[in-house]
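>
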């Protein structure tokens, strides 16, 4: 039914308008036009963890390390590094010639300020911050990181491409309040943000940085040479799926970042269009409660969410045919390296009687609960409708509030009382690369004020997450993850709604899209 409606809408829609030696890049003369999944509202990838802001951040900023296609860290801004025998002292030297877009050189004081700001915001950054004793500049290109106790995952953390990324900013930007997004967009990466042509709700423009010098290694995920092969990238905001599909089919856009799974076979029928996937792990869908306010400050109310919801209803509503999705109650992605479902077995099917009992025990008295969502990203909007219907059946008084996705993303950061500005619940989706590890899974960070939107707070969870970091070998780490997961199933920081494959679509004359946690726009050629 969904496919037929979308296909009918599509018929009636009107289309809208290499690596080698390290040296400055040539100037290609092409424009890559992309329909992204959402409009860009927040420019600061350290203050905000939403995907569209992370994509923007990776265009203009760089990180000290970068994950390859297998999520393994490789040096990026770093030329060389070493660690002491006791693993408590790390030394990093920056590549020569790194420059911000304003022409100023990147110095270690910029790096240290940036890392401190990131540690105050991000899940894995916060964990590294707990282990850090000091960061000290040796000179403009070399700095030292001293730890209180060993942490083997330092390069992995410094190359994170998930959550709030460790983007290296100018010291003047990085010393700002980490809770308040900066409005500047000056990095040292391969693209320049074209503020003059930015039109909120319509277009975001990035120009090739002519002064950027890529690494000499071949591109591999986020790692290697970030060689830009187009003159500019334009993100054209097309929240209507049929409009985006028509624009792709007629060649008015070159890439559609997140087509609806229901439209995939329709657009794939066009000879000039290819539908593919770029992420190795499936994405996760989830229902996030606000832990700051009743009823979800009580774990019984959060458990009620788990017993009240049927993953199949959410996934079918959001993503259509089952070929695109999979039931999974693992916080850390079924099929991933940490994909246990230990302790979550009872959530495989809904138990409405149990949900009603837990809700009553939580002390909930039927107060209106603000469930915010947006149809700008149709799967999220449709799953929010499923959530409202499911939760009302067990006694939740749901006030479903729709707005544009940029407003939802901004509102997520509001810690005020629920209502028209604060909130109680939202549905979202997050890439599997983020959710597959206890170190990067933003939703299972229960560090109170330092946690992701929803501000989950549980000391035992944080202790168990620390045990995963401290595990001496893979066997011990696997056991620690299982213990952590059993506890998470009891405290329910969020309701896992299952996982799904998100395709992207491109014109056949576009090649070079890299396998990575987010869509990247270097290495792409348009012929």
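Residue numbers (the working numbering): 54 to 580. No residue lacks a Cβ here, since even glycine has one placed at the ideal position from N, Cα and C.
Roughly how many angstroms lie between the CA atoms of residue 219 and residue 405, to the nearest whole one?
The sequence position of residue 219 within the chain shown is 166, counting from 1. The sequence position of residue 405 within the chain shown is 352, counting from 1. Each residue's alpha carbon lies about 42 Å from the other.
> According to the neighbour-count rule (16 or more other Cβ atoms, all chains shown, within 10 Å of its Cβ), is residue 187 buried or exposed?
In the chain shown, counting from the first residue as 1, residue 187 sits at position 134. Classification for residue 187: exposed.
> Any idea if residue 589 is buried or exposed, counting beta-carbon neighbours within 10 angstroms, 16 or more meaning buried?
Any property of residue 589 remains undetermined from this structure, which presents the chain solely from 54 to 580.
> Which ranges would you report for the beta strand (DSSP E) in the stretch 258-321 if only whole runs of at least 3 residues count?
If we require 3 residues or more, the beta strand (DSSP E) runs fully inside the stretch 258-321 come out as 285-289.
> For residue 429 and residue 350, I'd like the C-alpha separation in whole angstroms.
Indexing the chain shown from 1 puts residue 429 at position 376. Indexing the chain shown from 1 puts residue 350 at position 297. Those two C-alpha atoms are separated by around 29 Å.
> Spatial neighbours of residue 141 within its chain, please: C-beta separation below 7 Å, excluding the five flanking residues on both sides.
In the chain shown, residue 141 corresponds to position 88, counting from 1. Cβ neighbours of residue 141 beyond the five flanking positions: 199, 200 and 203.
> Over what stretch of residues does the alpha helix (DSSP H) that includes residue 164 continue unbroken?
On the chain shown, residue 164 is found 111 positions in, with the first residue counted as 1. It spans 161-172 - the alpha helix (DSSP H) in which residue 164 sits, taken as one unbroken run.
> Buried or exposed for residue 354, please, with buried defined as at least 16 other CB atoms from any protein chain shown within 10 angstroms of its CB.
Against the chain shown, residue 354 aligns to sequence position 301. So residue 354 counts as buried.
> How many whole angstroms separate the CB atoms of residue 102 and residue 505, which I take to be in contact at a CB cut-off of 8 Å?
One-based indexing of the chain shown puts residue 102 at position 49. One-based indexing of the chain shown puts residue 505 at position 452. About 7 Å separates the two Cβ atoms, so the contact holds.
> Quick check on residue 526: buried or exposed, where buried means 16 or more other Cβ atoms within 10 Å of its Cβ?
Locating residue 526 in the chain shown gives position 473, where the first residue counts as 1. It is exposed - the Cβ of residue 526 has fewer than 16 other Cβ atoms within 10 Å.
> As an exercise, report each continuous alpha helix (DSSP H) stretch of at least 4 residues that is fully enclosed by the stretch 320-400, in chain order.
The stretch 320-400 contains these whole alpha helix (DSSP H) runs: 352-361 and 364-372.
> What residues are listed by DSSP as bridge partners for residue 88?
Counted from its first residue, the chain shown places residue 88 at position 35. BP columns for residue 88 point to 309.
> Taking the beta carbon of residue 189 as the centre, do at least 16 other beta carbons fall within 10 Å, making it buried, or is it exposed?
By one-based count along the chain shown, residue 189 stands at place 136. Label assigned to residue 189: exposed.
> Starting from residue 473, trace the alpha helix (DSSP H) both ways and give me its first and last residue.
The residue given as residue 473 occupies position 420 in the chain shown. First-last for residue 473: undefined, no H or E at that position.
> Note down the Cα distance separating residue 125 from residue 411, rounded to an integer number of angstroms.
On the chain shown, position 72 is the one that residue 125 refers to. On the chain shown, position 358 is the one that residue 411 refers to. Rounded to whole angstroms, residue 125 to residue 411 spans 42 Å at the Cα level.
> With distances taken from CA atoms, which of 489, 467 and 486 is nearest residue 479?
Stepping through the chain shown from its first residue, residue 479 is reached at position 426. Out of 489, 467 and 486, 467 has the C-alpha closest to the C-alpha of residue 479.
> Return the bridge partner residues of residue 510 from the DSSP annotation.
Indexing the chain shown from 1 puts residue 510 at position 457. 500.
> Can you tell me the Cβ-Cβ gap for residue 583 and residue 207, rounded? I've got them flagged as a contact below 8 Å.
Since the first residue shown for the chain is 54 and the last is 580, residue 583 is missing from the structure and cannot be characterised.
> Flag this pair as yes or no: are the beta carbons of residue 439 and residue 496 separated by less than 7 Å?
The sequence position of residue 439 within the chain shown is 386, counting from 1. The sequence position of residue 496 within the chain shown is 443, counting from 1. No, the pair does not count as a contact, with Cβ atoms beyond the cut-off.
> Are there 16 or more other CB atoms within 10 angstroms of the CB of residue 253, so buried, or fewer, so exposed?
Position 200 of the chain shown holds residue 253. That one is exposed.
> By DSSP, does residue 556 sit in helix, in strand, or in coil?
If you number the chain shown from 1, residue 556 lands on position 503. It is coil, neither helix nor strand.
> Let me know if residue 149 comes out buried or exposed under the rule of 16 or more other beta-carbons within 10 Å of its beta-carbon.
As a position in the chain shown, residue 149 is number 96, starting the count at 1. That one is exposed.
> Assign residue 174 to one of two classes, buried (16 or more other C-beta atoms within 10 Å of its C-beta) or exposed (fewer than that).
Here residue 174 corresponds to residue number 121 of the chain shown, with the count starting at 1. Classification for residue 174: buried.
> If you draw a straight line from the alpha carbon of residue 255 to that of residue 214, how long is it in whole angstroms?
Reading the chain shown from its first residue, position 202 is the one you call residue 255. Reading the chain shown from its first residue, position 161 is the one you call residue 214. The alpha-carbon atoms of residue 255 and residue 214 are separated by roughly 26 Å.
> Taking the alpha-carbon positions, what's the residue 179 to residue 231 distance?
Here residue 179 is taken as the residue at index 126 of the chain shown, counted from 1. Here residue 231 is taken as the residue at index 178 of the chain shown, counted from 1. The alpha-carbon atoms of residue 179 and residue 231 are separated by roughly 12 Å.
> With a 10 Å radius around its C-beta and 16 neighbouring C-beta atoms as the bar for buried, classify residue 74 as buried or exposed.
The sequence position of residue 74 within the chain shown is 21, counting from 1. Because the pLDDT at residue 74 is just 39, under 50, the model does not fix this residue reliably, and the point stays unresolved.
> In chain order, which continuous runs of the beta strand (DSSP E) of length 3 or greater are located wholly inside the stretch 176-256?
Runs found: 185-190, 195-200 and 244-246.
> Measuring alpha carbon to alpha carbon, tell me which of 89, 578, 550 and 532 ends up nearest residue 287.
In the chain shown, the residue the question calls residue 287 occupies position 234. Comparing Cα-Cα distances from residue 287 to each of 89, 578, 550 and 532, the minimum goes to 89.
> CB-CB under 7 Å to residue 57, same chain, minus the five flanking residues each way: which ones, in chain order?
Here residue 57 refers to the residue found at position 4 when the chain shown is read from its first residue. Residue placement at residue 57 is flagged as unreliable, the pLDDT there being 42, under the threshold of 50; the coordinate-derived value follows with that caveat. Contacts found: none.
> How big is the Cα-Cα spacing for residue 573 and residue 111?
Here residue 573 is taken as the residue at index 520 of the chain shown, counted from 1. Here residue 111 is taken as the residue at index 58 of the chain shown, counted from 1. For residue 573 and residue 111, the distance between alpha carbons rounds to 8 Å.
> Using a Cβ-Cβ cutoff of less than 7 Å, which residues in the same chain neighbour residue 170 once the five nearest sequence positions on both sides are dropped?
The residue you call residue 170 lines up with position 117 of the chain shown. Cβ neighbours of residue 170 beyond the five flanking positions: 99, 227 and 231.
> Reducing DSSP to helix, strand and coil, say where residue 483 ends up.
Residue 483 sits at position 430 when you count from the first residue of the chain shown. Correct three-state label for residue 483: strand.
> Return the CA-CA distance between residue 83 and residue 408, expressed in angstroms with no decimal places.
If you number the chain shown from 1, residue 83 lands on position 30. If you number the chain shown from 1, residue 408 lands on position 355. Roughly 56 Å separates the two Cα atoms.
> In terms of residues, what are the limits of the beta strand (DSSP E) holding residue 131?
For the purposes of this step, residue 131 is identified with residue 78 of the chain shown, where counting begins at 1. It spans 131-136 - the beta strand (DSSP E) in which residue 131 sits, taken as one unbroken run.
> To the nearest angstrom, report how far apart residue 554 and residue 322 are at their CA atoms.
In the chain shown, the residue the question calls residue 554 occupies position 501. In the chain shown, the residue the question calls residue 322 occupies position 269. Going by the C-alpha atoms only, they are around 19 Å apart.
> Identify, in the order they occur along the chain, each residue of the same chain with its Cβ nearer than 6 Å to the Cβ of residue 503, setting aside the five sequence neighbours on each side.
Counted from its first residue, the chain shown places residue 503 at position 450. So the list reads 179, once near-sequence residues are dropped.
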